[in-house]
Amino acid sequence: MPDEEFDVTPFDVEGQVDYDRLIDKFGTEEIDDELKQRFFDLAGGENLYVKRDFIYSHRGLEEALHEYEEEDGFFFYTGIGPSGKMHIGHIISFYFTKWLQDMFDVNVYIQLLTTRSTGIEM
């Protein structure tokens, strides 16, 4: 684990990022090898973002997979509230969400925040 300080903001990354500390800071859980394999097995295919650890943590993935195994049904909910102008990097979360929708045949709900000065106007 790197000892040096780092800073991650919506605009910059400084220093060597300690991903374990980011997981702690944001209250997520690591997608370890066992969960990754279970996820791929149930999805019926691998996702490049997860396979290459671009997406490395989660909230509620284990519960969603359990619901899927039990055929109880679930849905994906995501949102976007950019802190600045949208850029090409924002598309990764939408591509991933679309992949989830296709692989698990579930509904996806996307919240678009309109309370900020940047973003989408209604």
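Heads up: the sequence shown begins at 613 in the working numbering, then just goes up one per residue.
Think of the CB as a built atom: it goes at the ideal place given N, C-alpha and C, for glycine as much as any other residue.
Closest by C-alpha distance to residue i, when choosing among the options
| i | options | result |
| --- | --- | --- |
| Gly656 | Glu617, Asp644, Gln723, Phe716 | Phe716 |
| Gly685 | Val629, Val720, Val662, Thr621 | Val720 |
| Leu660 | Phe687, Tyr707, Ile722 | Tyr707 |
| Tyr689 | Leu712, Glu679, Ile704 | Leu712 |
| Val718 | Gln649, Ala676, Ile703 | Ala676 |
| Glu682 | Asp624, Thr621, Leu654, Val662 | Leu654 |
| Gln628 | Gln649, Thr621, Glu616 | Glu616 |
First and last residue of the uninterrupted alpha helix (DSSP H) at residue i
| i | result |
| --- | --- |
| Val662 | 660 to 663 |
| Gln649 | 645 to 655 |
Beta-bridge pairing of residue i - partner residues as DSSP gives them
| i | result |
| --- | --- |
| Phe688 | Val720 |
| Ser669 | Glu642 |
| Val625 | Val620 |
Whether residue i touches residue j by CB criterion (8 Å)
| i | j | result |
| --- | --- | --- |
| Leu634 | Leu673 | no |
| Asp630 | Phe638 | no |
| Arg671 | Thr709 | no |
| Tyr668 | Glu626 | no |
| Ile692 | Leu724 | yes |
| Gly696 | Phe623 | yes |
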